[in-house]
Amino acid sequence: MADTDPAGPVMDRDEVDRALARLGAEHEAIETSLLALQDHAGRRLLEGAELTGVTAERWTSTEAAITLLWTYFDAYTDVLRTAREIRARRRWSSREDLVELTELLRGEPVTVAGSATATAANAPTPHGGQAGPGVLSERWSLSALVDRMNELYASSLDMVVAADAVWSALPARIDLLSAELRRTSRLAHSVGVRPGEHPAGDDLERITRTLRKLREQVVSDPLAFWRPAEGSSAPGGGKPDTTVYDREARALEDVRREIDAVLAVRQDAEKRIVRLRDVLSRADRTLAEARTARGEVLAKIAATEVPVVSGPPTALQEQLSTAAEYRRHAQWHRLSPLLESLEQKAEDELLRARESLTAVTAPLAVRAELRGRLDAYKAKVTRHGLAEDPLLVERYEKARRMLWSAPCDLRAAEQAVLRYQQAVAELLGAAPGVPGQGAGPDERRGPGA
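Heads up: take any position in the sequence shown, counting from 1, add 8, and you land on this note's numbering.
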């Protein structure tokens with residue numbers, strides 16, 4: 009073959025080796041991408057779903073494109089293998105080998121049967137490759153085939169990512185809104201807001217139908233709810249279209265406000281009294297928990313001042329009973345100011361109870377933090393191969409005995425942990441092959457590896 013054949017000048021050995029290295033890297037990258045696409049959760053969902061509409065059409069085309077991608081890849085692999093075998097024949101390739109390699113690497117050595125591409129006829133076929141129902145085969149150069157595979161991969165990934173994004177976002181949000189809808193419907197029914205009797209009841213019925221239909225459509229045709237990003241060519245560029253969902257969420261919020269207005273007229277007093285009972289009950293339970301925790305702290309922590317936990321105020325319970333009497337006798341003018349006062353006092357009481365629990369359990373939290381810090385530094389020492397250092401073992405065991413004994417002296421235990429940390433920092437700073445450890449670990453961030 010002449011030096012000016014259609015494949016261009018005959019390549020020399022260095023050009024062949026560089027080309028083979030580049031093509032090998034491209035082959036590996038393409039294979040990795042294809043395997044990732046094959047394992048993509050969105051693709052597996054698409055395979056098993058009963059699709060309709062635009063998603064069904066796009067998936068039919070995408071499935072054919074993915075099949076074609078593997079066909080192209082296998083053909084590309086065969087040519088690359090052949091070229092590598094020719095190059096491996098001799099350390100110094102002959103003239104005939106170089107001519108053959110030039111044809112493979114720069115010509116159009118890849119032939120794909122037209123039947124393999126007929127089902128993907130809707131996908132674009134630029135760069136000289138032509139295929140269609142009436143074409144028996146198509147020929148590709150390796151570089152053009154790589155471009156074609158990249159285009160098919162991008163369009164396939166775009167479809168898979170878009171469907172997966174919609175499925176990941178909308179059904180869960182619809183389910184949450186549907187659950188809220190059911191709660192609102194039960195509440196509406198309890199105050200007489202029903203379809204045919206109140207506009208809000210009709211709205212609830214319509215929202216229920218719309219959400220049920222919306223979920224069915226999202227599951228079967230996710231691409232109908234995908235909004236591509238303008239000007240973006242990256243696969244999966246865009247976001248789910250939540251227009252219908254947002255509209256129904258706003259409608260449900262309007263209904264909720266309507267029901268709240270009804271409740272304010274019919275049941276406001278009863279709800280507020282029930283809420284007050286709940287807040288005071290939580291305050292009582294929290295104080296009881298604080299009293300129990302105080303006994304535990306006194307038993308487990310030494311030399312620590314633990315605040316005394318007071319009992320629940322009986323005055324608030326008495327005022328709550330008075331409020332219930334006012335409601336039973338429809339004394340609204342007296343009940344309203346009493347409820348306002350009680351609500352503020354009950355919230356203050358709950359806050360006081362929580363603060364008491366926090367104050368009482370603070371020593372246990374400090375002990376837990378010291379234990380965690382000690383174990384974290386022990387793990388760091390182990391990773392650096394210093395677990396058997398005598399000084400570290402001694403200081404670790406001393407700190408551990410203090411932290412896991414009862415009662416625990418927190419001040420002494422904290423000092424023991426600090427001494428262990430300092431020893432760790434000093435050893436890591438002097439240890440070979442551990443750059444950047446001389447200053448010791450940052451106490452606020454914890455020990456990092």
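A virtual CB, placed ideally from N, CA and C, is assigned to each residue, including glycine.
Small disclaimer: the values here were computed from a predicted structure and weren't measured.
Proximity to residue i [Cα-Cα], best of the options
i, options, result
"Pro398", "Ala323, Glu205, Gly56 and Val432", "Val432"
"Arg335", "Asp292, Arg375, Val282 and Lys353", "Val282"
"Trp234", "Thr250, Arg220 and Val425", "Thr250"
"Ala479", "Pro371, Thr192, Glu71 and Val317", "The structure shown has nothing for residue 479, since the chain only spans 9 to 457."
"Pro315", "Leu306, Val287 and Arg97", "Leu306"
"Thr70", "Arg89, Ala162, Gln423 and Trp100", "Ala162"
"Leu113", "Leu150, Leu347 and Ala96", "Leu150"
"Arg21", "Arg103, Val227 and Pro320", "Arg103"
"Glu213", "Ser186, Leu295, Glu36 and Ala301", "Ser186"
"Thr85", "Leu31, Glu434, Gly303 and Pro320", "Leu31"
"Thr300", "Ile182, Val368 and Ala323", "Val368"
"Cys416", "Glu111, Ala332, Val287 and Ala373", "Ala373"
"Arg472", "Gln352, Ser176 and Ala420", "There is no way to answer for residue 472, as the model of the chain reaches only from 9 to 457."
"Glu366", "Glu326, Ala296, Ala310 and Tyr253", "It is Thr, not Glu, that sits at residue 366 in the sequence shown. Per the Cα distances, Ala296."
"Arg26", "Pro243, Arg95, Gly115 and Asp47", "Arg95"
"Glu333", "Ala170, Asp82 and Leu346", "Leu346"
"Leu222", "Ala237, Asp254 and Ser198", "Asp254"
Exposure of residue i, with buried meaning 16 or more beta-carbon neighbours within 10 Å
i, result
"Ala1", "Residue 1 lies beyond the range of the chain shown here (9 to 457); nothing can be said about it."
"Arg403", "buried"
"Pro449", "Any answer about Pro449 is weak, because its pLDDT of 42 lies below 50 and its placement is not dependable; what the coordinates show is given next. Per the 10 Å Cβ criterion, buried."
"Gly142", "Below a pLDDT of 50, predicted positions are generally treated as unreliable, and Gly142, at 49, falls in that range; the measurement from the model is reported next regardless. By the 10 Å Cβ count, Gly142 comes out exposed."
"Pro248", "buried"
"Pro207", "exposed"
"Pro17", "exposed"
"Ser349", "exposed"
"Gln429", "buried"
"Trp67", "buried"
"Arg409", "exposed"
"Ser193", "buried"
"Ala72", "buried"
"Arg97", "exposed"
"Asp356", "exposed"
"Thr63", "buried"
"Pro440", "Per-residue confidence for Pro440 stands at a pLDDT of 44, beneath the threshold of 50, marking its modelled position as unreliable; the derived number appears in the next sentence. So Pro440 ends up on the exposed side."
"Leu378", "buried"
Bridge partner(s) assigned by DSSP for residue i
i, result
"Gln310", "Inspection of the sequence shows that residue 310 is occupied by Ala rather than by Gln. The partner list for Ala310 (beta bridge, DSSP) reads Asp417."
"Val118", "Trp148"
"Gly246", "Pro236"
Limits of the alpha helix (DSSP H) - the one that residue i falls within
i, result
"Pro398", "Pro398 to Leu411"
"Pro315", "Taken as a continuous stretch (DSSP letters only), Pro315 belongs to no alpha helix (DSSP H), as it is neither H nor E."
"Arg21", "Arg21 to Asp47"
"Thr85", "Gly61 to Arg95"
"Ser329", "Thr322 to Arg336"
(request) For the segment 149 to 217, list the alpha helix (DSSP H) runs that are entirely contained and at least 4 residues long, ordered along the chain. (result) Runs found: 150 to 198.
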